[in-house]
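The next block holds one structure in the form of structure tokens; read it before the comments.
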Amino acid sequence: MLDKLDAALRFQQEALNLRAQRQEVLAANIANADTLGYQARDIDFASELKKVMQRGRDATSVVALTMTSTQHIPAQALTPPTAELQYQMSLSALSGQIKGMMNVLQSGN
Numbered sequence: 000m001l002d003k004l005d006a007a008l009r010f011q012q013e014a015l016n017l018r019a020q021r022q023e024v025l026a027a028n029i030a031n032a033d034t035l036g037y038q039a040r041d042i043d044f045a046s047e048l049k050k051v052m053q054r055g056r057d058a059t060s061v062v063a064l065t066m067t068s069t070q071h072i073p074a075q076a077l078t079p080p081t082a083e084l085q086y087q088m089s090l091s092a093l094s095g096q097i098k099g100m101m102n103v104l105q106s107g108n
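Position 61, counted from 1, in the sequence shown is what numbering that gives the first Met the number 0 calls 60; the numbers after and before it change by one each time, with no gaps.
Have a look at this one:
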């Protein structure tokens, strides 16, 4: 049972780490929107999370950034609220899992 608990929490931790990193990348894109020659970057969340979970390693050591067009920066000014919402949803999912586990543990008493 502890293995399942550990795996569930590890998945949520990695998802939160990747979402936080994506928010940082998007913020950098917006901050550099007027920098001549700057190319926006982004993280492919799904593929990076899959890599992390397959390797069982920390998300910060394997995240790859992809270059996008400089024309995408204005559109990314709208993206951070979405990224923040995804981060909050991940936190809510983690909270729900923990509450469910606590209920199971308490009902066993």
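Don't be surprised by glycine CBs; every beta carbon is placed ideally from N, CA and C.
Between the C-alpha atoms of residue 28 and residue 15 there is a straight-line separation of about 20 Å.
Between the alpha carbons of residue 46 and residue 31 lies a gap of roughly 26 Å. In the three-state scheme derived from DSSP, where H, G and I count as helix and E and B as strand, residue 2 is classed as helix. Here the alpha carbons of residue 13 and residue 51 stand approximately 7 Å from one another.
Nearest neighbour of residue 38 by Cα position, chosen from 44, 25, 49, 48, turns out to be 25.
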